[in-house]
Amino acid sequence: MQNTPQQATGWWSRARNGLDSLFRRIEGRGAGAGNSAYYLILGSTVALTAIGVLMVVSASSVESIAAGESPYANGLKQGVVAVLGFVVMILISRSNVRFWHRIAWPAYFLAVALLLALFVVGTKVNGNLNWINVGGFSLQPSEAAKLAMAVWLAHVLFRKEKLLDQWKHVYIPAVIFGGVIVGIVMVQHDLGTALILMSILFSALFFAGVNYRILGGFGLLLIGLAGMAALTSGNRMCRVTTWVTGQACSDDYDSAYQSTGGLYGLASGGLLGTGLGQSRQKYSWIPEAHNDFIFAIIGEELGLVGAVVVLVLFAVLGINIYRVVIRQEQLFHRVLGGAIMVWILGQATVNMAMVTGLLPVIGVPLPLISYGGSALLMTLIAIGVVLSLARDSDPSRAGTGGVTGKSGKSGKGLRLLARPGKPKPRTTKKTTTDRAPRTQERASRS
Numbered sequence: 034m035q036n037t038p039q040q041a042t043g044w045w046s047r048a049r050n051g052l053d054s055l056f057r058r059i060e061g062r063g064a065g066a067g068n069s070a071y072y073l074i075l076g077s078t079v080a081l082t083a084i085g086v087l088m089v090v091s092a093s094s095v096e097s098i099a100a101g102e103s104p105y106a107n108g109l110k111q112g113v114v115a116v117l118g119f120v121v122m123i124l125i126s127r128s129n130v131r132f133w134h135r136i137a138w139p140a141y142f143l144a145v146a147l148l149l150a151l152f153v154v155g156t157k158v159n160g161n162l163n164w165i166n167v168g169g170f171s172l173q174p175s176e177a178a179k180l181a182m183a184v185w186l187a188h189v190l191f192r193k194e195k196l197l198d199q200w201k202h203v204y205i206p207a208v209i210f211g212g213v214i215v216g217i218v219m220v221q222h223d224l225g226t227a228l229i230l231m232s233i234l235f236s237a238l239f240f241a242g243v244n245y246r247i248l249g250g251f252g253l254l255l256i257g258l259a260g261m262a263a264l265t266s267g268n269r270m271c272r273v274t275t276w277v278t279g280q281a282c283s284d285d286y287d288s289a290y291q292s293t294g295g296l297y298g299l300a301s302g303g304l305l306g307t308g309l310g311q312s313r314q315k316y317s318w319i320p321e322a323h324n325d326f327i328f329a330i331i332g333e334e335l336g337l338v339g340a341v342v343v344l345v346l347f348a349v350l351g352i353n354i355y356r357v358v359i360r361q362e363q364l365f366h367r368v369l370g371g372a373i374m375v376w377i378l379g380q381a382t383v384n385m386a387m388v389t390g391l392l393p394v395i396g397v398p399l400p401l402i403s404y405g406g407s408a409l410l411m412t413l414i415a416i417g418v419v420l421s422l423a424r425d426s427d428p429s430r431a432g433t434g435g436v437t438g439k440s441g442k443s444g445k446g447l448r449l450l451a452r453p454g455k456p457k458p459r460t461t462k463k464t465t466t467d468r469a470p471r472t473q474e475r476a477s478r479s
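Heads up: the sequence shown runs through residues 34 to 479, numbered per the numbering used here.
Written as structure tokens, this is what we have:
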């Protein structure tokens, strides 16, 4: 017997209402309580980005000097992108939801086109075909694909909201169209990004309220694909073997070099660190220290205290994005916010677990902190989308386009999400003053 859409999403409604009630008790009922998630997301984002720019300057200074550049070269580039990203983020936070519906399919096809363009004009970096060089700037299409995937999935699942109890209406868009992007990225040997895209796919189905049988089958499929990708690549299997045994592969003695250097960096930092700019591991002991292993430099220079501060900031960011997500009554809002949350927090968790040796090295940067303009810009845009959802779900904005509290009633903004259909003819309600002359007219005729 198939579950109805109401039964399929019942577990989500109960969990959401319980957590929403808990957060409201913690916040209190005072004025401005509804705004706290918005400002905590904004504040933690600013703090993490500022730490990132500072640590990129420190971690990349040695390599910049060796390349004949200013020690601040990479930091200045990251800072410029950060300023641009914050401007775009604030503009996006004030965007209308119709905009994201309108660009969902164009964004999907643009992401696919950019990923395919890598086979023609792309540049390989560390064995991954990830980059397009345009006028002295390097673009990473796979970062844009993450945001495009989240927006597209939210749009498609919203359109199929009444059909999510049928596996074909879940698997066909997710496996076929979503699998196209994941497949292209895997062919380009970027397993880390492919895993993040898979997590976006899975989380979108989860927050859409797909029943557990369909969700579990899809999860097993993704695990199988990830395992197959690891088994069919000698380099990936070497990384997994190094992670399990702690020893370098016999045919690749450098396989444990980066991970070992990261652990040395974390261990040598102590409680308060060696001091900003005083890292020893960035002197080529950790290759690309300002990218995937920047968390090791944070632990070395700022110590356990600095590393914990970064962890707490990511926790604040994640908890408050989740608070925004569980208050969304519309499926599109909920799926979009949930997919972005899993993307950013999942990627941060994988990166820090990779640096600390809890996971094998798979080449995933630390969001908002690692060097990379494309990644930083796309992440800030995604957070701008979440901020727009936070503004809409603020109870103090009732009647201005947001959700009016727990009742789920919506103002003008949420009515824009209604499914398109035949417009209903407008009818004007007759008042007693309108009816009075007609009554008198009929009386005179009789």
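From the three backbone atoms N, C-alpha and C, an ideal C-beta is built for every residue, glycine too.
### Task
Determine the DSSP secondary structure at S312, reduced to helix, strand or coil.
coil
### Rounded straight-line distance, which links the Cα of A83 to that of S9
Residue 9 lies beyond the range of the chain shown here (34 to 479); nothing can be said about it.
### Query
Where does K193 fall in DSSP's three states?
coil
### Query
How many whole angstroms separate the CB atoms of A372 and A177, which I take to be in contact at a CB cut-off of 8 Å?
So it is not a contact: roughly 15 Å between Cβ atoms.
### Message
Whole angstroms are fine: how far does the CA of N68 sit from the CA of H222?
### Response
42 Å
### Task
Quick one: grab the DSSP three-state call for I165.
strand
### Query
Helix or strand or just coil, what does DSSP make of S103?
coil
### Task
Report yes if the CB atom of S292 is closer than 9 Å to the CB atom of M385, and no otherwise.
no
### Task
Indicate whether L151 and N163 have their beta-carbon atoms separated by less than 9 Å.
yes
### Segment limits, beta strand (DSSP E) that includes F170
F170 to L172
#### Entry: Three CB pairs or more closer than 8 Å across the stretch 235 to 253 and the stretch 364 to 382
yes
### Task
Within its chain, find whatever has a CB closer than 6 Å to the CB of K179; leave out the 5 residues flanking it on each side and keep chain order.
W376
### Query
Starting from G306 and walking both ways along the alpha helix (DSSP H), at which residues does that stretch end?
Segment: none, G306 is in no alpha helix (DSSP H) and carries neither H nor E.
### Query
What do you get for F170, buried or exposed, if any count of 16 or more other CB atoms within 10 angstroms of its CB means buried?
exposed
#### Entry: Exposure label - E102; buried when at least 16 CB within 10 Å
exposed
### Task
Just mark A100 as buried or exposed, buried being the case when its beta carbon has 16 or more other beta carbons within 10 Å.
exposed
#### Entry: Endpoints, the alpha helix (DSSP H) within which G249 is located
Y245 to L264
### Task
State the start and end residues of the unbroken alpha helix (DSSP H) segment that holds V158.
That residue, V158, is in no alpha helix (DSSP H); its beta strand (DSSP E) goes G155 to V158.
### Query
Short check: CB of A6 to CB of V218, under 9 Å?
This structure leaves residue 6 out entirely; the chain is present only between 34 and 479.
### Task
Kindly indicate which three-state DSSP category H202 falls into: helix, strand or coil?
helix
### Query
Looking only at its own chain, which residues have a Cβ that is under 8 Å from the Cβ of N161, when we skip the five neighbours before and after it?
Q221, H222, D223 and G396
### Query
Does DSSP put I217 in a helix, in a strand, or in coil?
helix
### Query
Buried or exposed: where does F132 fall if 16 or more other Cβ atoms within 10 Å of its Cβ makes it buried?
exposed
### Task
Go ahead and pull the three-state DSSP assignment for E334.
helix
### Query
Between the beta-carbon of L305 and the beta-carbon of G336, is there less than 9 Å?
yes
### Task
Label Y245 either buried or exposed according to how many other C-beta atoms from any shown protein chain fall within 10 Å of its C-beta, with 16 as the threshold for buried.
exposed
### Query
Taking the alpha helix (DSSP H) that T389 falls in, what are its first and last residues?
Where T389 is concerned, there is no enclosing alpha helix (DSSP H), given that its DSSP letter is neither H nor E.
### Task
With DSSP as the reference, label L326 as helix, strand or coil.
It is Phe, not Leu, that sits at residue 326 in the sequence shown. Coil.
### Task
Take the Cβ of S175 as the centre, count every other Cβ of all protein chains shown within 10 Å, and call the residue buried at 16 or more, exposed below.
buried
### Message
Counting beta carbon pairs with one atom in the stretch 187 to 202 and one in the stretch 338 to 354, are three or more of them shorter than 8 Å?
### Response
no
### Task
Specify the secondary structure class of Y404 as computed by DSSP and reduced to three states.
coil
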